[in-house]
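Peer 1: Okay, handing you the structure first.
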Amino acid sequence: MAAADRSATQQRLIALLGPAAQEYLERLADTDRSLSRQVRELFVLVREYGPEAVSAALAKAHAARAFGADYIANILRQQQQRREVQPPLRFKDPALNELATDPLSLAQYDAFILRSRKESRDRTASETQPTQLNLYGPPTGSDDL
(Lines of atoms letter the chains of each structure in order from A and count residues from 1; the text may use other names and numbers.)
(Lines give C-alpha, C1' and ligand atoms only; values in the text may rest on other atoms or scores of the structure.)
Protein backbone atom coordinates (compact mmCIF):
# COMPACT_ATOMS: atom_id res chain seq x y z
CA MET A 1 0.00 0.00 0.00
CA ALA A 2 1.65 3.21 -1.15
CA ALA A 3 1.82 6.16 1.22
CA ALA A 4 -0.49 8.13 -1.08
CA ASP A 5 -3.11 5.38 -0.80
CA ARG A 6 -3.14 5.46 3.01
CA SER A 7 -5.68 7.59 4.81
CA ALA A 8 -4.54 10.26 7.24
CA THR A 9 -5.84 8.04 10.05
CA GLN A 10 -3.73 5.11 8.90
CA GLN A 11 -0.68 7.36 8.61
CA ARG A 12 -1.22 8.61 12.19
CA LEU A 13 -1.47 5.02 13.42
CA ILE A 14 1.80 4.12 11.68
CA ALA A 15 3.44 7.22 13.19
CA LEU A 16 2.26 6.15 16.67
CA LEU A 17 3.11 2.44 16.44
CA GLY A 18 6.15 2.50 14.20
CA PRO A 19 7.06 0.93 10.86
CA ALA A 20 5.85 -2.55 11.87
CA ALA A 21 2.32 -1.18 11.82
CA GLN A 22 2.63 -0.37 8.13
CA GLU A 23 3.25 -3.98 7.13
CA TYR A 24 0.58 -5.17 9.54
CA LEU A 25 -1.97 -2.82 7.97
CA GLU A 26 -0.97 -4.04 4.51
CA ARG A 27 -1.64 -7.65 5.55
CA LEU A 28 -4.85 -6.57 7.28
CA ALA A 29 -6.00 -4.90 4.06
CA ASP A 30 -5.65 -8.28 2.31
CA THR A 31 -8.28 -9.81 4.61
CA ASP A 32 -12.04 -9.51 4.28
CA ARG A 33 -12.20 -7.11 7.24
CA SER A 34 -13.06 -3.44 6.93
CA LEU A 35 -9.71 -1.68 7.15
CA SER A 36 -11.19 1.62 8.33
CA ARG A 37 -13.06 -0.13 11.15
CA GLN A 38 -9.95 -2.10 12.16
CA VAL A 39 -7.91 1.11 12.27
CA ARG A 40 -10.54 2.79 14.47
CA GLU A 41 -10.49 -0.21 16.83
CA LEU A 42 -6.69 -0.10 16.96
CA PHE A 43 -6.86 3.57 17.99
CA VAL A 44 -9.22 2.62 20.82
CA LEU A 45 -6.64 0.06 21.97
CA VAL A 46 -3.86 2.67 21.76
CA ARG A 47 -5.89 5.01 24.00
CA GLU A 48 -6.62 2.20 26.46
CA TYR A 49 -3.24 0.43 26.62
CA GLY A 50 -0.74 2.91 25.17
CA PRO A 51 1.23 2.81 21.92
CA GLU A 52 4.12 0.70 23.27
CA ALA A 53 1.86 -2.12 24.47
CA VAL A 54 -0.21 -2.08 21.28
CA SER A 55 2.94 -2.08 19.14
CA ALA A 56 4.30 -5.11 21.02
CA ALA A 57 0.97 -6.94 20.73
CA LEU A 58 0.84 -6.06 17.04
CA ALA A 59 4.26 -7.66 16.54
CA LYS A 60 3.07 -10.84 18.29
CA ALA A 61 -0.10 -10.95 16.22
CA HIS A 62 1.86 -10.39 13.02
CA ALA A 63 4.26 -13.22 13.88
CA ALA A 64 1.24 -15.48 14.40
CA ARG A 65 -0.36 -14.19 11.17
CA ALA A 66 -3.38 -13.06 13.15
CA PHE A 67 -4.64 -9.93 11.44
CA GLY A 68 -7.34 -7.95 13.20
CA ALA A 69 -7.86 -5.58 16.11
CA ASP A 70 -9.67 -8.34 18.01
CA TYR A 71 -6.50 -10.47 18.01
CA ILE A 72 -4.46 -7.57 19.33
CA ALA A 73 -7.08 -6.84 22.01
CA ASN A 74 -6.95 -10.49 23.08
CA ILE A 75 -3.14 -10.41 23.35
CA LEU A 76 -3.29 -7.22 25.41
CA ARG A 77 -5.91 -8.69 27.78
CA GLN A 78 -3.88 -11.87 28.23
CA GLN A 79 -0.77 -9.88 29.07
CA GLN A 80 -2.61 -7.97 31.78
CA GLN A 81 -4.10 -11.07 33.41
CA ARG A 82 -1.06 -12.87 34.71
CA ARG A 83 -1.61 -16.40 35.90
CA GLU A 84 -0.73 -17.21 39.47
CA VAL A 85 1.84 -19.92 40.02
CA GLN A 86 0.03 -22.95 41.35
CA PRO A 87 1.46 -24.83 44.35
CA PRO A 88 2.71 -28.37 43.76
CA LEU A 89 0.12 -31.11 43.92
CA ARG A 90 0.12 -32.89 47.30
CA PHE A 91 -0.69 -36.60 47.49
CA LYS A 92 -2.25 -38.44 50.43
CA ASP A 93 0.69 -40.83 50.52
CA PRO A 94 3.67 -38.83 51.92
CA ALA A 95 6.13 -41.12 50.13
CA LEU A 96 4.74 -39.95 46.79
CA ASN A 97 5.26 -36.33 47.80
CA GLU A 98 8.96 -37.03 48.31
CA LEU A 99 9.56 -38.45 44.84
CA ALA A 100 11.98 -36.43 42.76
CA THR A 101 11.94 -36.52 39.01
CA ASP A 102 14.81 -35.81 36.70
CA PRO A 103 14.10 -33.06 34.23
CA LEU A 104 13.53 -34.60 30.85
CA SER A 105 16.17 -33.85 28.29
CA LEU A 106 14.87 -33.72 24.76
CA ALA A 107 18.37 -33.84 23.29
CA GLN A 108 18.13 -37.61 22.74
CA TYR A 109 14.80 -37.24 20.97
CA ASP A 110 16.12 -34.39 18.83
CA ALA A 111 19.18 -36.44 17.85
CA PHE A 112 16.97 -39.40 16.91
CA ILE A 113 14.60 -37.28 14.81
CA LEU A 114 17.39 -35.39 13.07
CA ARG A 115 19.24 -38.63 12.32
CA SER A 116 16.04 -40.19 10.93
CA ARG A 117 15.39 -37.17 8.71
CA LYS A 118 18.97 -37.17 7.41
CA GLU A 119 18.82 -40.89 6.63
CA SER A 120 15.51 -40.39 4.84
CA ARG A 121 16.94 -37.54 2.75
CA ASP A 122 20.07 -39.56 1.94
CA ARG A 123 17.97 -42.55 0.90
CA THR A 124 15.70 -40.38 -1.27
CA ALA A 125 18.67 -38.63 -2.89
CA SER A 126 20.34 -41.92 -3.83
CA GLU A 127 17.08 -43.30 -5.24
CA THR A 128 16.47 -40.25 -7.40
CA GLN A 129 19.85 -39.56 -8.97
CA PRO A 130 19.48 -37.44 -12.10
CA THR A 131 20.13 -39.19 -15.39
CA GLN A 132 22.75 -37.92 -17.78
CA LEU A 133 21.34 -36.46 -20.96
CA ASN A 134 23.08 -37.49 -24.14
CA LEU A 135 22.92 -34.45 -26.36
CA TYR A 136 24.96 -36.04 -29.14
CA GLY A 137 22.57 -38.76 -30.33
CA PRO A 138 22.24 -42.46 -29.52
CA PRO A 139 25.22 -44.30 -28.10
CA THR A 140 27.36 -46.22 -30.54
CA GLY A 141 28.30 -49.82 -30.06
CA SER A 142 26.68 -53.21 -29.81
CA ASP A 143 23.51 -51.91 -28.14
CA ASP A 144 22.03 -50.89 -31.53
CA LEU A 145 19.13 -53.20 -32.43
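The sequence shown lines up with residues 0 to 144 when you count with numbering that gives the first Met the number 0.
All residues carry an ideal CB built from backbone N, CA and C; glycine is no exception.
As the structure is a computational prediction, the values presented were derived from the model and not from experiment.
Determine the closest residue to L75 out of R116, E22 and V43, with distance taken between C-alpha atoms.
Peer 2: On the sequence shown, position 76 is the one that residue 75 refers to. The option with the nearest alpha carbon to L75 is V43.
Peer 1: Taking L12 as the reference, give the member of D29, T30 and L34 with the closest Cα.
Peer 2: Within the sequence shown, numbered from 1, the residue matching residue 12 stands at position 13. Measuring from the Cα of L12, the nearest candidate turns out to be L34.
Peer 1: Grab me the residues of S54's own chain with a C-beta within less than 6 angstroms of its C-beta, minus the 5 sequence neighbours each way, in chain order.
Peer 2: Reading the sequence shown from its first residue, position 55 is the one you call residue 54. So the qualifying residues of the chain are L16 and G17.
Peer 1: Helix, strand or coil for G17, going by three-state DSSP, please let me know.
Peer 2: Taking the first residue of the sequence shown as position 1, residue 17 is located at position 18. G17: coil per DSSP, three-state reduction.
Peer 1: Taking the CB atoms as reference points, tell me whether V45 and T8 lie closer together than 8 angstroms.
Peer 2: Mapped onto the sequence shown, residue 45 falls at position 46. Mapped onto the sequence shown, residue 8 falls at position 9. Their beta carbons are not under 8 angstroms apart, which means V45 does not touch T8 by this criterion.
Peer 1: If we count the other Cβ atoms within 10 Å of its Cβ and call it buried at 16 or more, is L41 buried or exposed?
Peer 2: The residue labelled residue 41 in the question sits at position 42 within the sequence shown. Flag for L41 reads buried.
Peer 1: Given that a residue counts as buried once 16 or more other Cβ atoms are within 10 Å of its Cβ, and exposed if not, what is I112?
Peer 2: Position 113 of the sequence shown, counted from the first residue, corresponds to residue 112. The residue is exposed, with fewer than 16 neighbouring Cβ atoms inside 10 Å.
Peer 1: Roughly how far, in whole angstroms, is the beta-carbon of A19 from the beta-carbon of A58, given that I think they are within contact range, below 8 angstroms?
Peer 2: Your numbering for residue 19 matches position 20 in the sequence shown. Your numbering for residue 58 matches position 59 in the sequence shown. Between A58 and A19 the Cβ distance is about 6 angstroms, and since that is below 8 angstroms, they are a contact.
Peer 1: Going by C-alpha to C-alpha distance, which of V84, A56, A65 and D31 sits closest to Q77?
Peer 2: By one-based count along the sequence shown, residue 77 stands at place 78. Selected option, being the one with the closest Cα: A56.
Peer 1: I need the boundaries of the alpha helix (DSSP H) containing E40, first residue and last residue.
Peer 2: The residue labelled residue 40 in the question sits at position 41 within the sequence shown. Unbroken alpha helix (DSSP H) run through E40: L34 to Y48.
Peer 1: Leaving out five residues on either side along the sequence, give the residues of the same chain with a beta carbon under 6 angstroms from the beta carbon of F90.
Peer 2: Taking the sequence shown and counting its residues from 1, the one referred to as residue 90 is at position 91. Closer than 6 angstroms at the Cβ level, and outside the excluded window around F90, lie N96.
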